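Engineer:
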Amino acid sequence: MTSECDDEIIEEIRRRREAHAESLGYDLKRITEDLQRQERESGTPVVKRAPRGPQRVAKPSSA
1285 MTSECDDEII EEIRRRREAH AESLGYDLKR ITEDLQRQER ESGTPVVKRA
1335 PRGPQRVAKP SSA
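Using my numbering, read the sequence shown as starting at 1285 and increasing by one per residue.
In C-alpha cells form, the structure reads like this:
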C-alpha cells in the first residue's frame, strides 16, 4: 500500500536520476565516477559493509 506522497517522492527520484544519467550521456562509468565524486565531496560518512556469503536454507521436512 503506497500513499500519494510516496508516489510523488518516487517520481521525483526517478526524474532526478534520469536527468543525471542524461547529463552524462548514459555512460555508466561517468555516472559512477560522478556519484563517487559527490560522495567524497559531501563529507558525509558512507557505511561500507563487508559482503555476506551465501546462507544455507533449511530444507522443508517431508511429513
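For glycine and all other residues, C-beta sits at the position ideal for the given N, C-alpha and C. These figures come from a predicted structure and were not determined experimentally.
Mind reading off the beta-carbon distance from E1323 to V1331? Whole number of angstroms is fine, and I expect it under 8 Å.
Structural biologist: As a position in the sequence shown, residue 1323 is number 39, starting the count at 1. As a position in the sequence shown, residue 1331 is number 47, starting the count at 1. That belief does not hold up - the Cβ atoms of E1323 and V1331 are roughly 12 Å apart, past 8 Å.
Engineer: Taking the Cβ atom as the reference point for each residue, do L1308 and R1314 lie within a distance shorter than 9 Å?
Structural biologist: Counted from its first residue, the sequence shown places residue 1308 at position 24. Counted from its first residue, the sequence shown places residue 1314 at position 30. Cβ atoms of L1308 and R1314: closer than 9 Å.
Engineer: Over the uninterrupted alpha helix (DSSP H) stretch that includes L1319, give me the two end residues.
Structural biologist: As a position in the sequence shown, residue 1319 is number 35, starting the count at 1. First-last of the alpha helix (DSSP H) with L1319: L1312 to S1326.
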